[in-house]
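Encoded as structure tokens, the structure appears first; notes follow it.
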Amino acid sequence: MSDLLLIFTDYTLRNVALGSAMLGMVGGVLGVFAVLRRQSLLGDVLAHAALPGICLAFILTGAKAPLILLVGGGLAGWLAAWLVLAVLRHSRLPEDSALGVMLSSFFGFGVALLTFIQHSNNASQAGLDQYIFGQAATIVASDVLNFTVLGGLALLTVGLFYKEFKLLAFDPAYAHSLGLPVRGLNTLLTSLTVLAVMVGLQTVGVVLMAAMLIAPAAAARQWTDRLSHMIGLSALFGAMAGVSGALISATRENLPTGPLVVLSMSAILLVSLFFAPLRGLVWDWARTQLHRHRVRLERLLLDAHVLHAHGTLTPQALAERRREPVAVALQNLEALRSLGWVQEHPQGFILTPTGEQKAHELEQAMRVLPHRVEGSS
Amino acid sequence: MNADLVIILTAILVSTASALVGSFLVLRRMALLSDAISHAVLPGIVLAYWLSGGERATLPALLGAAAAGLATVVLVEWLTRTGRVKNDAAIGIVFPALFSLGVLAVSLFFRNVHLDMDAVLYGEIAYAPFNTLSLWGREVPESWLVMGSLTLLNLLFVLLFYKELKLATFDPGLAATLGFAPGALYYGLMTLVSFTSVGAFQSVGAILIVAFLIIPPATAYLLTQRLPVMLALAVGVGVVSSLAGYALAIWLDASIAGMMATVAGLCFALAFLFSPVEGYLTTRLRRERQRLEVAARLLVAHLAHHSQPVPEQEVLEEFGWNPRFLGQVREKALQAGWLEVVREGLRPTARGLAMSSARLELNP
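Listed below in structure tokens is the structure:
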């Protein structure tokens, strides 16, 4: 609890937490569109491709002003995205290979530039390579302001074009037929993603930026089927991960913030995957078990019904029919009795009127089984 | 031992080993899984480092990497199979998480040891000459041994299972029907990718391994449609990138691995623009030539209907062409010997008349 209070009192921690939260929020919102459009890994490519742009901006201006470096990085990321599209349009190279080629060649070039700068003994270069890991601990108030302005701009744009982006995410062909400038909108969305990635670079760094776009959206997807809710949840999850990552890393020395933000996000994702209502894997599993149990009992009743019709519903007969030990057959009959479907009788068991009725219903259902199963499942 | 030679040969071995397995990743549309694996080997290496008691031994590292690589593959498949997350998103979720675990472990437990993050991310092939092992009384660079064995291993894998790999890559359904155990082959391939990643870790680093695994095969993919040719070309591009990248790095005093990846990227750009099969510029040039050819045939066929030579002005009005285009078309027809220019205008030659009266062949 005292750690939680630190967020209000400790200047550094407050900046770090605010910056990370802002990143999580912007990444979360834009990630929704990336994930829905199956462009999840574009963020990863953009983040890697930004490095040469950052280095070139530094070489050209000689200054380490964050905004200038971010503009350089953004331009490089944008160029890489454009090249991926060009390669996809004009060759038969699969999409993932095109992404991989741009990611690694841009990054390789960036690393080369980075060492080139380092070897040129430029005194002010120190810290440039922190864009690779991100250095959340060094976020200061002016960075938070930058993030907020840039992120706010991105979020505002999403708000303005919400209807168009929604259509683009779910039915681009329809959007096109409505006369929407699909290509322009695509470019706008990509540019916004570039913006989000640039904001994230300083916090979680190149390598981990991918997660901050994908994981919040993937987690939010588990809770809802509505785009607006998904965007809200994704932003919330991203911000939560940002703040908790910052808090955890403040509890001890040598705990890097970026990886902790990502791991917090992974934890949120896992919880969502397993426990979200409707789509949660745990509920799914439970439902399957319940369903299995019901089907087992119904089969049992049908077997009992057949034997009953021949007047031989005894544990022995049931055991023989179902190829199971008599003891199991007895248990089964007991289960049916507890449901009120059979009752004891001098010659063994008989079906109760409820059981009779139920068995009849099941048989009726099975006669039209193929249709019923498809329709009801 | 000559330091240049050690570095260059190491780079060639890394790129060859990577190209051999990377080609199948590209063909199977799993290129980005290699990105995931190369990041995920980090926790594997940390684990091995810890298990082997702080030694930087090769064998535990290989085992740790294989475990981490397979864990990546299994996790991605599991996530995809739950149906809750698409495949690309699954990749983008799994590897940052594993990588974060690795980074966290390094900063918590191995802060001041050799396993520093710079080396992990970029690697430093320039150190290759300093790590040597004594073998039969001779000092041999460790990287030669490690990468040499891995190259050999990958080569053997490709040669021994060539038929199976080919079938499983292009027709997994048929491969399964024939009982080729595509699953085993798949995990075998992923194990080798993990091995190669960790083997190259010290030399080129986590992220640049991806460059060696993907770029040369992708370049070769643009240049040929035949698997053996693609494998050979991928190895060739890797070797060229290693050599030229090293030279450039020395010249510019920049990261060797980074420069090699840059050169590989340039090779890809060249293949994309100039590939004889489907290069961007080659295709455009071919289209332009075909357009002129068709226009020239059209022009000659049109002239053949006139008994008199037709003035160029009339042709321009007839076809709605601009003078520059007509000039190009005329040039084309002149070259083919279908046309002659007389004072009154354009007139078909005997050859041109024969051509236009022959059935129009659409595929010359």
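Line order of the protein sequences matches chains U and S.
Heads up: the first sequence begins at 1 in our numbering, then just goes up one per residue.
Heads up: the second sequence begins at 378 in our numbering, then just goes up one per residue.
For every residue, glycine included, the Cβ atom is placed at its ideal position computed from N, Cα and C.
Quantities reported herein were computed from a predicted structural model and do not represent experimental measurements.
* **Check whether S:E655 and U:S104 have beta carbons under 8 Å apart** => Result no, Cβ atoms of S:E655 and U:S104 do not sit closer than 8 Å.
* Of the listed residues S:A731, S:L604, S:V640, S:L419, nearest to S:A681 (C-alpha basis) -> S:A731
* To do: Please say whether S:V471 and S:L452 have beta carbons closer to each other than 8 Å?
  => yes
* Asked: Below 8 Å between beta carbons: does that hold for S:L703 and S:V692?
  -> yes
* Asked: List, in order along the chain, the chain S residues whose C-beta lies closer than 7 Å to that of U:T390?
  -> Missing from the structure shown is residue 390 of chain U; chain U here goes from 1 to 377 and no further.
* Is it buried or exposed for S:F572, if we count other Cβ within 10 angstroms and need 16 for buried? -> buried
* chain S beta carbons: is any one of them nearer than 8 Å to that of U:R37? -> no
* **Inter-residue Cα distance where the pair is S:N508 and U:E253** => 33 Å
* If you draw a straight line from the alpha carbon of U:G340 to that of U:A286, how long is it in whole angstroms? -> Near 25 Å, if we compare the C-alpha coordinates of U:A286 and U:G340.
* Hey, would you say U:P216 sits closer than 8 Å to U:G77, going by beta carbons? -> no
* **Residues of the segment 95-109 of chain U with Cβ closer than 9 Å to any Cβ of chain S, in chain order** => Under the 9 Å Cβ criterion, the segment 95-109 of chain U contributes E95, D96, S97, A98, L99, G100, V101, M102, L103, S104, S105, F106, F107, G108, F109.
* Asked: In three-state DSSP terms, what is S:R515?
  -> strand
* Residue of U:T157, U:P256, U:L36, U:A235 minimising C-alpha distance to S:W461 -> Correcting the residue type first, residue 461 of chain S is Arg in the shown sequence and not Trp. Answer by Cα proximity: U:L36.
* To do: Can you tell me which of U:G108, U:V194, U:G100 puts its alpha carbon nearest to the alpha carbon of U:L213?
  => U:V194
* To do: Compute the Euclidean distance between the alpha carbons of U:T312 and S:K463, then round it to the nearest angstrom.
  => 54 Å
* To do: Could you work out which residue in S:R724, S:A445, S:Y426, S:K709 is closest to S:V570 when comparing CA atoms only?
  => S:A445
* **Separation of U:L93 from S:E665, as counted between CA atoms** => Distance between the alpha carbons of S:E665 and U:L93: 23 Å.
* Which runs of the alpha helix (DSSP H) fall wholly inside the segment 77-132 of chain U and span at least 4 residues, in chain order? -> 95-119
* To do: For U:R89, count neighbouring C-beta atoms within 10 Å of its own C-beta (all shown protein chains included) and say buried if the count is 16 or more, exposed if not.
  => That one is exposed.
* To do: Show which residues of chain S have a CB atom less than 8 Å away from the CB atom of U:L362.
  => Those do not exist, as U:L362 stays about 30 Å from chain S at its closest Cβ, beyond 8 Å.
* Determine, using beta-carbon pairs with one atom in the segment 610-622 of chain S and one in the segment 395-407 of chain S, whether at least three such pairs fall under 8 Å. => When Cβ pairs closer than 8 Å are counted between the two stretches, the segment 610-622 of chain S is seen to touch the segment 395-407 of chain S, the count reaching three or more.
* **Residue environment, S:D465, which counts as buried when at least 16 other CB atoms sit within 10 Å** => buried
* Asked: At a Cβ threshold of 8 Å, is U:H229 touching chain S?
  -> no
* To do: Would you please verify whether the beta carbon of U:I248 is less than 8 Å from any beta carbon of chain S?
  => Contact with chain S is absent for U:I248, since none of that chain's Cβ atoms lies less than 8 Å from the residue's Cβ.
* Asked: Run through DSSP, which three-state label would U:F349 get?
  -> strand
* In the DSSP assignment, find the unbroken beta strand (DSSP E) run with S:L723 in it and report its ends. => 722-725
* Proximal residues to S:V587 (C-beta, below 7 Å), its chain only, five neighbours per side dropped -> S411, D412, S415
* Cα-Cα separation between S:Y426 and S:P437, rounded to whole angstroms -> 7 Å
* Taking the beta strand (DSSP E) that S:V718 falls in, what are its first and last residues? -> 716-719
* Should U:L281 be flagged as near chain S, meaning a C-beta pair shorter than 8 Å? -> yes
* **Within 7 Å of chain U by C-beta, residues of the segment 650-669 of chain S in sequence order** => Flagged, chain order: E655, Y657.
* Taking Cβ to Cβ, would you say S:G469 is nearer than 8 Å to S:A442? -> Remark: C-beta atoms of S:G469 and S:A442 do not approach each other more closely than 8 Å.
* Using DSSP with H/G/I as helix, E/B as strand and the rest coil, what is S:Q705? -> helix
* Asked: Whose CA, out of U:G232, U:D143, U:A304, lies closest to the CA of U:H360?
  -> When each option's Cα is compared against that of U:H360, the closest is U:A304.
* Locate the alpha helix (DSSP H) running through U:N146, then write down its first and last residues. => 141-160
* Start-to-end residues for the alpha helix (DSSP H) that takes in U:D303 -> Element bounds for U:D303: 281-309.
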